[in-house]
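A quick write-up on the structure given underneath.
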Amino acid sequence: MEESWQLIIFVGSITLFATGAVMSILFHKNALISGLIANTCSIIANVGLIAGGILGLTEKTLTATLFRGVFSFTNIELRVNAFSAFFLLIVGVIGLIVTIYAIGYVSEYRGRKSVSLLNAGMLIFIMAMAGVVMAGSIFTFLIAWEVMSVISYFLVIYEHEKPEVQKAGLIYVIMTHIGTVFLTIAFFILHYYSGSYEFQQMNHIHLPQSAQSWVFICALIGFGTKAGLVPMHIWLPRAHPSAPSHISALMSGVMIKTAIYGFLLITMQFLQSGPLWWGIAVIVIGGNTALFGVLHALGKIDQKQMLAYSSIENMGLMFIGIGIALIFLSKGQPLLASFALLAVLYHLINHALFKSLLFMGAGAVLMECHTKNMNLLGGLIRRMPWTALFMLIGSLSVAAMPPMNGFISEWMLFQSIFTLGFFGNSIAMHLFGALMIAVLAMVGALVAFLFIRFFSMTFLALPRSNMAEQAHEVPRPMLIGMGILSAACILLGVIPFVIFGVIQKTIKALVGGSSIPSFSITPAMVSTGFSKISIGTTVLMILCGLLIAWAITQFIGGKTKTIRGETWACGITLVPRMTYTASGFSKPVRVAFRLLMKSSRSLITDKNPRNPYFVRGYTYVSRIPLIIEDFLYKPIMNLLVAGANIFRKIQNGIVQSYLLYLLATLVFMLIWVMGR
Amino acid sequence: MVSIILQIIQFLSILLIAPLLTGAIKKSKALLQGRVGPRLLQPYFDLYKYMHKDSFVSKNASWIFLVTPYIVFGATLTASALIPAFVHQTLYSFTGDIVLIIYLFALSRFFISMSAVDTGSSFGAQGASRDLFISSLAEPVLFITILGTALPAKTTNLSAIIAHLLEIGLPISPAYFMILVAFVILLVTETGRVPVDNPDTHLELTMIHEGPLLEYSGKPLALLMWSAWIKQAALFTLFIDLCIPWGPNVSTGGWALLTGPLLFFLKMFGVGLIMACIEIANAKMRLFKVPRLLAAAFLLSFFSLITEYLL
Chain X
0 MEESWQLIIF
10 VGSITLFATG
20 AVMSILFHKN
30 ALISGLIANT
40 CSIIANVGLI
50 AGGILGLTEK
60 TLTATLFRGV
70 FSFTNIELRV
80 NAFSAFFLLI
90 VGVIGLIVTI
100 YAIGYVSEYR
110 GRKSVSLLNA
120 GMLIFIMAMA
130 GVVMAGSIFT
140 FLIAWEVMSV
150 ISYFLVIYEH
160 EKPEVQKAGL
170 IYVIMTHIGT
180 VFLTIAFFIL
190 HYYSGSYEFQ
200 QMNHIHLPQS
210 AQSWVFICAL
220 IGFGTKAGLV
230 PMHIWLPRAH
240 PSAPSHISAL
250 MSGVMIKTAI
260 YGFLLITMQF
270 LQSGPLWWGI
280 AVIVIGGNTA
290 LFGVLHALGK
300 IDQKQMLAYS
310 SIENMGLMFI
320 GIGIALIFLS
330 KGQPLLASFA
340 LLAVLYHLIN
350 HALFKSLLFM
360 GAGAVLMECH
370 TKNMNLLGGL
380 IRRMPWTALF
390 MLIGSLSVAA
400 MPPMNGFISE
410 WMLFQSIFTL
420 GFFGNSIAMH
430 LFGALMIAVL
440 AMVGALVAFL
450 FIRFFSMTFL
460 ALPRSNMAEQ
470 AHEVPRPMLI
480 GMGILSAACI
490 LLGVIPFVIF
500 GVIQKTIKAL
510 VGGSSIPSFS
520 ITPAMVSTGF
530 SKISIGTTVL
540 MILCGLLIAW
550 AITQFIGGKT
560 KTIRGETWAC
570 GITLVPRMTY
580 TASGFSKPVR
590 VAFRLLMKSS
600 RSLITDKNPR
610 NPYFVRGYTY
620 VSRIPLIIED
630 FLYKPIMNLL
640 VAGANIFRKI
650 QNGIVQSYLL
660 YLLATLVFML
670 IWVMGR
Chain C
0 MVSIILQIIQ
10 FLSILLIAPL
20 LTGAIKKSKA
30 LLQGRVGPRL
40 LQPYFDLYKY
50 MHKDSFVSKN
60 ASWIFLVTPY
70 IVFGATLTAS
80 ALIPAFVHQT
90 LYSFTGDIVL
100 IIYLFALSRF
110 FISMSAVDTG
120 SSFGAQGASR
130 DLFISSLAEP
140 VLFITILGTA
150 LPAKTTNLSA
160 IIAHLLEIGL
170 PISPAYFMIL
180 VAFVILLVTE
190 TGRVPVDNPD
200 THLELTMIHE
210 GPLLEYSGKP
220 LALLMWSAWI
230 KQAALFTLFI
240 DLCIPWGPNV
250 STGGWALLTG
260 PLLFFLKMFG
270 VGLIMACIEI
280 ANAKMRLFKV
290 PRLLAAAFLL
300 SFFSLITEYL
310 L
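If you're matching them up, the sequences are chains X and C in order. Numbering that gives the first Met the number 0 numbers the first residue of the first sequence as 0 and each following residue consecutively. Numbering that gives the first Met the number 0 numbers the first residue of the second sequence as 0 and each following residue consecutively.
This is the structure in structure tokens:
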């Protein structure tokens, strides 16, 4: 009975998304009606996804054939268990909040571009993401995956009149299809051994060792491309900033998470576990990605580019956690693996929340100031107080500051690596764990640096441009959207256990096993030496500290007053030009890490042609090259082009030479046949 | 009951002795340099003076600037309350571990850096930028140094680590001395002392930690200065806990109730004296040479992890 309800909800939501999209386009002449229909449909459908997701958090698996194709492999299958329900919840929650935000945000494009197309695109995009996690067969999955990729491509090139947006879209669509090729290979190896196209038949299948590893490698490349793992990340910092901000929020908040869904599905649900090197490989790639992402984010002054690189960094962190889980699984420690997965999935929720929040904030700033360049912003906390408050909460969360939600997942990640370090008393693991902790600590500190820079350069000090000076607070729907996410960030930090029940069911569906770890200490954890933590107490302690500070200053100190005046600037009046910029703020990092980032700086002197002793001006150029593109993709491209040039000589467009090829082939074939 | 009273005393004594520690370091530095120097109790007088002064706030500053001193004080107090000194438990040791302590210090750094930019002053922003840069290099070293003791104890809870250390006894091995040197480098970095930073200067070119506080005055300044001193005392305590933990066990009662804390404070001022010696024997380092110093500390810690197995 319950299952049929669930099925109705899912099918209804999907239909509603599709109907909303079509109606939105049909009524495009009337912006009001079109927007109303699209938003209503989206809100109801997203609530449906949330409801279905909550219903799906059981031990049962719902499977259904929605549509019978001509061939058995083209059946549209639906499959929802607790694991996919968890992702459905994320799609639904973020989709709902993004829809609310979009009500305000699309007014930015009104009159300039077709808003109804944008709305329709958003609906299809959410639908496709829900489809990916609900898919029950290879065909369904790949169809949903392709729809998701293609529709997000169209959303990325929404502002196609800008040339850089077109380039971003092109690179995105190429990379995502390279990823799909590898996914298809992985799925068809699985099909070959399971003899079925349905996911339900692939659970816990047994593959020969080599086939298993090939599936793993293909899944890592295929899903890693979507997740933005270095070196497959090159599309992400281009595509995410180019899309309209609420689409960026969906892409960074939800879409790249579907890669984690897929990767966990294949490596843990289907293959269960593999050799030790899988875990090591995933951790090393994740660690590299995290460090690379944060360093390059510090080199960017474009807000949304910076946030995109920060997404890469966070995906790196999550893959570190997945790698730890894989290692524990291969060592036959499902409990420790589940704890690592708890960290990963908690971080996944957190990242979905705060990264959507930050992209929404960047969108709000972009809408008011018409620039993403942090060097031209500043002082917005006075013009946009609410946006500033929400962004502060988002920045604190992403920087993993206690008592925000980001801290909890970072703490669990630390604990997981730590356990890896002392696990099994092996010297190699010990040192590997130590190195990874160092990487994680460094990434953590650099992220704090990054988001202090983001927040203070955008919202504090003096406005560095006219646009920033004349900004206003954004419309209410946008504030509501950001407000809900901010509240969630605080709540999930202070009372993390509310969500653990959900994640525990998810992990149970994924790994199985009888005992599932919780955040608080359990008997099983004591023997492995987990530490415990209570954020509620920490918050109370900080509040006590505030009280003590207040009491001390009141009772020991005398009666004093606060005087307002100019900032001291060595005796001259402080003007915006004198304040620190985002580029200046992160300069020490660019200098210290120039070996890794290949950052360079050059001084161009504009000399007076008549008298070289007088200089007309200096130009400083600071450059951070796209190293991966230059050293990995460019050579491959050049090789391809060189190869194509050779083949072009054969295909010269002269009919006679084609006839010659035919004759030569014929002769060759005849000789070959006669030879046999 | 006795232990709870002891824990409260432990917490309060760190809070109250922190300015004296700073005064002692300043005094010993002055004496070593052949100067008379400020009085030993000068930091207390300073605090008292600041608390009676009006506060001057820039027109450009937002509410972030105003709340920062309180949040910093709260976070620092919380972190220091998690570090056991002469009793091996603290009031809050059940809730927090070493990761939380480090992140609480990071939280206060987060707010100080924001308020430094808030006034629009370039000095503040420059100091914040440098401080964040150095701390992002120091943090991995701090983690890996603590790991040398935390990994054998199989926990990140500080009380449990110390209990484990006292149980097995610290092995006096090459690994131990490497950790010791690495930790001293970290102390110098985190408390902002020569050769990394110069605590006695307001010069644009040299200041790191002082820069962000430049715009503060009156009561907020008192809170921020005090927080910085508490942080210093807390870091020294951490060093004593992990590297020189020997001494009478206070929980046995009797004379240990007196000798335990006494020995602890002796160690603390001893560490302070070492800091003073390091400061007068070195010159301030160029900012971009600091990574090399920290890299050395990192390698020392990492080698010590390796030698734990070899020897």
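We put the CB at the ideal spot given by N, CA and C, even for glycine. Quick caveat, the model's predicted, so the values are computed rather than measured.
Alpha-carbon to alpha-carbon, residue j and residue i
i: LEU658 of chain X; j: ASN651 of chain X; result: 12 Å
i: THR77 of chain C; j: ALA137 of chain C; result: 21 Å
i: TYR171 of chain X; j: LEU335 of chain X; result: 37 Å
i: PRO274 of chain X; j: GLY286 of chain X; result: 20 Å
i: ASP45 of chain C; j: LYS28 of chain C; result: 18 Å
i: ILE145 of chain C; j: PHE297 of chain C; result: 11 Å
i: ILE246 of chain X; j: PRO402 of chain X; result: 29 Å
i: GLY259 of chain C; j: VAL497 of chain X; result: 43 Å
i: SER120 of chain C; j: PRO211 of chain C; result: 9 Å
i: PHE153 of chain X; j: LEU116 of chain X; result: 10 Å
i: PRO18 of chain C; j: ALA105 of chain C; result: 22 Å
i: ARG647 of chain X; j: LEU661 of chain X; result: 17 Å
i: PRO611 of chain X; j: LEU625 of chain X; result: 35 Å
i: SER136 of chain X; j: SER193 of chain X; result: 12 Å
i: ILE4 of chain C; j: ALA80 of chain C; result: 14 Å
i: ASN644 of chain X; j: ILE265 of chain X; result: 40 Å
i: LEU365 of chain X; j: LYS371 of chain X; result: 6 Å
i: LEU222 of chain C; j: TYR47 of chain C; result: 11 Å
i: MET206 of chain C; j: ILE451 of chain X; result: 19 Å
i: THR306 of chain C; j: VAL283 of chain X; result: 24 Å
i: MET383 of chain X; j: GLU472 of chain X; result: 5 Å
i: PHE66 of chain X; j: GLU468 of chain X; result: 56 Å
Other residues of its chain near residue i: CB distance less than 7 Å, five sequence neighbours each side excluded
i: ALA296 of chain X; result: MET305, TYR308, SER309, GLU312, LEU449
i: LYS52 of chain C; result: SER216, GLY217
i: PHE389 of chain X; result: LEU356, GLY360, MET481, GLY482, SER485
i: ALA162 of chain C; result: HIS87
i: ARG694 of chain X; result: A question about residue 694 of chain X goes unanswered here, because the residues of chain X that appear run from 0 up to 675.
i: MET428 of chain X; result: LEU419, GLY420, PHE422
i: ILE233 of chain X; result: ILE170, MET174, ILE627, GLU628, TYR632
i: ILE177 of chain X; result: THR224
Residues that residue i contacts on chain X, provided the C-beta gap is smaller than 9 Å
i: PHE301 of chain C; result: LEU430, ALA433, LEU434, ALA437
i: SER61 of chain C; result: GLY378, ILE380, ARG381, PRO384, ALA387, PHE458, LEU459
i: MET50 of chain C; result: ILE551, THR552, ILE555, GLY556, GLY557, THR559
Neighbouring residues, chain C, relative to residue i (Cβ below 9 Å)
i: GLY51 of chain X; result: Near GLY51 of chain X there are no residues of chain C at all, since even the closest Cβ is about 37 Å away, more than 9 Å.
i: LYS299 of chain X; result: In chain order: nothing, as chain C lies at least about 16 Å away.
i: MET305 of chain X; result: Ordered by position in chain C, no residue passes the 9 Å Cβ test against MET305 of chain X, which lies about 15 Å from the chain.
Under 8 Å from the C-beta of residue i: neighbouring residues of chain X
i: PHE397 of chain C; result: This structure cannot speak to residue 397 of chain C, because chain C is shown only from 0 to 310.
i: THR155 of chain C; result: PHE413, GLN414, PHE417, SER530
Proximal residues to residue i (C-beta, below 8 Å), its chain only, five neighbours per side dropped
i: LEU344 of chain X; result: PHE85, ILE502, THR505, ILE506
Within chain C, partners of residue i - CB distance below 8 Å
i: LYS560 of chain X; result: ASP53, SER54
i: LEU445 of chain X; result: SER135
i: SER311 of chain X; result: Contrary to the premise, residue 311 of chain X reads as Ile rather than Ser in this sequence. None at all; the shortest Cβ gap to chain C is about 18 Å.
i: LEU545 of chain X; result: TYR69, ILE70, PHE72, GLY73
Per-residue contacts from residue i into chain X (C-beta, under 7 Å)
i: MET113 of chain C; result: ILE451, PHE454, SER455, LEU459
Cross-chain neighbours of residue i in chain A, by beta carbon under 9 Å
i: ARG237 of chain X; result: Structure shown: chain A not included; protein chains present are X and C.
Complete runs of the beta strand (DSSP E) confined to the stretch 616-670 of chain X [at least 3 residues]
none
Give me the subset of the stretch 323-354 of chain X whose CB atoms are less than 9 Å from a CB atom of chain C, sorted by chain position.
none
Would you mind listing the alpha helix (DSSP H) stretches within the stretch 332-385 of chain X that are 4+ residues and don't spill past its ends, in chain order?
333-368, 379-382
Any residues in the stretch 175-193 of chain C with a beta carbon nearer than 9 Å to a beta carbon of chain X? Which ones, in chain order?
none
Closer than 8 Å, Cβ to any Cβ of chain X: which residues of the stretch 269-302 of chain C, in chain order?
LEU286, PHE287, PRO290, PHE297, PHE301
Report the start-end ranges of each beta strand (DSSP E) in the stretch 429-465 of chain X that is 3 residues or longer and not cut off at the edges.
none
Contact residues within the stretch 399-410 of chain X, judged by C-beta distance below 7 Å to chain C
ALA399, MET400, PRO401, PHE406, TRP410
Contact set between the stretch 160-181 of chain X and chain C, restricted to residues whose Cβ is under 8 Å from the partner:
none
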